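Residue 65 in our numbering is what sits at position 65 of the sequence shown, and the numbering runs on without skipping anything.
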Amino acid sequence: MSDCDSDIRSAGVPQTRRLVTLMLALLATCGSFSSVRAQQSEGGSKDDFPPHAKVLEGFEKVVSKANITPMYTLYQRTKDNQLFAELPRNFATKKYYIALTLASGDTYAGLQSGEMYVYWRRYDNRLALIEPVVSVRAEGDAEAKSSVERLFTDRVVLDVPIATIGPGGGPVIDLDAICVGNATTFFGYDGQVSYSAQRYGIYSIATAKAFQNNIEVAFEVPSVRGNFKTLHYSVSEIPANTGYKPRAADQRIGFFTTSYSDLAKYDDRETRVRYINRWHLE
Numbered sequence: 001m002s003d004c005d006s007d008i009r010s011a012g013v014p015q016t017r018r019l020v021t022l023m024l025a026l027l028a029t030c031g032s033f034s035s036v037r038a039q040q041s042e043g044g045s046k047d048d049f050p051p052h053a054k055v056l057e058g059f060e061k062v063v064s065k066a067n068i069t070p071m072y073t074l075y076q077r078t079k080d081n082q083l084f085a086e087l088p089r090n091f092a093t094k095k096y097y098i099a100l101t102l103a104s105g106d107t108y109a110g111l112q113s114g115e116m117y118v119y120w121r122r123y124d125n126r127l128a129l130i131e132p133v134v135s136v137r138a139e140g141d142a143e144a145k146s147s148v149e150r151l152f153t154d155r156v157v158l159d160v161p162i163a164t165i166g167p168g169g170g171p172v173i174d175l176d177a178i179c180v181g182n183a184t185t186f187f188g189y190d191g192q193v194s195y196s197a198q199r200y201g202i203y204s205i206a207t208a209k210a211f212q213n214n215i216e217v218a219f220e221v222p223s224v225r226g227n228f229k230t231l232h233y234s235v236s237e238i239p240a241n242t243g244y245k246p247r248a249a250d251q252r253i254g255f256f257t258t259s260y261s262d263l264a265k266y267d268d269r270e271t272r273v274r275y276i277n278r279w280h281l282e
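Next up, the structure:
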């Protein structure tokens, strides 16, 4: 072996070691990232949050009806109008309907302003309120259904921090921060509140009631024009299956309807599916 070959081989040893060290470092980084993602998807433990006794100190549990387990457990602190809500442990399996009403301070006060169909999803120490897409579907055709699910994805309405894990084992969230601080997310322009309401807490709890299948909460807030408005939120749990069968509507007849687009159909005259809005009386 020549002296030149020996020098080349000797120089290659440190370079190889550096490459091996770099690869090991990359593998360790990937492993740590995977571990973090796994923790986020599984959610933190109860020990990751301050004890509920400390977070809920000074709060009173809202009891609207005796001997029931409310859908959400509400905790109210009167002195600074704080309202917290504990979700059930199995919140991830639930769907909710939110009916929005401007109860006062508006020409059309008392009329429902809008509605939302939502669910909660946990991301480590935060909860995201998500609105699924129900206006576009694909019935019957598996390939069309797969395409629709890929193209028309759910929407994150907002996200909030988990304050603590409550006595019932569910996450506790700041409800007034959601309903007042994010009023425009729900009410649009009509939900614009004054800077002082958001910055200094110039608002009051008008209603706080918790029942087995719904909660009713409302806040009196000053609008951007200064006049008081009452923002009412009615949140109800949607049962998985009630046996209710919707009735198809005839578009030639005037009626209030709920409709969606079925992209598994190819005839434009059949794509739009409409159902009559009606009470289910028995």
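For glycine and all other residues, C-beta sits at the position ideal for the given N, C-alpha and C.
On a predicted model such as this, the values are computed, not experimentally measured, just so you know.
| Nearest neighbour of F219, chosen from F186, Y233, P51 and G226 [CA to CA] | Y233
| task | Give me the Cβ distance between I130 and R155, rounded to the nearest whole Å; I'm assuming they're in contact under 8 Å. | result | 7 Å
| task | Give me whichever residues DSSP pairs with Q112 in a beta bridge. | result | T101
| With C-beta atoms as the reference, is Y72 less than 8 Å away from L56? | no
| message | Need the endpoints of the beta strand (DSSP E) that E220 sits in, please. | response | N214 to P222
| task | Decide yes or no for the touch test of the segment 210-225 against the segment 247-254: beta carbon pairs closer than 8 Å, at least 3 of them. | result | no
| request: List the whole-angstrom C-beta distance separating T257 from N277, where the pair is believed to meet the contact cut-off of C-beta under 8 Å. | output: 6 Å
| What's the C-alpha gap between I165 and N241? | 29 Å
| field | Rounded distance between the beta-carbons of R77 and Y260, thought under 8 Å | value | The Cβ separation is near 42 Å, so there is no contact.
| query | V172 lies in the beta strand (DSSP E); which residues open and close that run? | reply | P171 to D174
| said: For the structure I just gave you, are there three or more beta carbon pairs, one from the segment 88-105 and one from the segment 181-197, closer than 8 Å? | reply: yes
| request: Pick helix, strand or coil for A197, following the three-state DSSP scheme. | output: helix
| Beta-carbon proximity of N81 to S204, cut-off 8 Å | yes
| message | Restricting to Cα atoms, I'd like to know which of R269, L263 and K245 is closest to Y275. | response | K245
| query | Looking only at DSSP bridge pairs, what is S204 linked to? | reply | E220
| Three-state secondary structure (DSSP) of K94 | coil
| Start-to-end residues for the beta strand (DSSP E) that takes in E143 | Unbroken run through E143 is the alpha helix (DSSP H), A142 to L151; no beta strand (DSSP E).
| message | Taking the beta carbon of E270 as the centre, do at least 16 other beta carbons fall within 10 Å, making it buried, or is it exposed? | response | exposed
| said: In this structure, how does DSSP classify I178 when only helix, strand and coil are distinguished? | reply: helix
| task | With E270 as the anchor, note down where its alpha helix (DSSP H) starts and where it stops. | result | D268 to T271
| query | If E86 and G170 are in contact, beta carbons under 8 Å, what's the gap, nearest whole angstrom? | reply | 5 Å
| query | Is F255 buried or exposed, if buried means 16 or more other CB atoms sit within 10 Å of its CB? | reply | exposed
| Residue range of the unbroken alpha helix (DSSP H) whose run includes G54 | The sequence given here places Lys at residue 54; Gly does not occur at that position. First-last of the alpha helix (DSSP H) with K54: H52 to V55.
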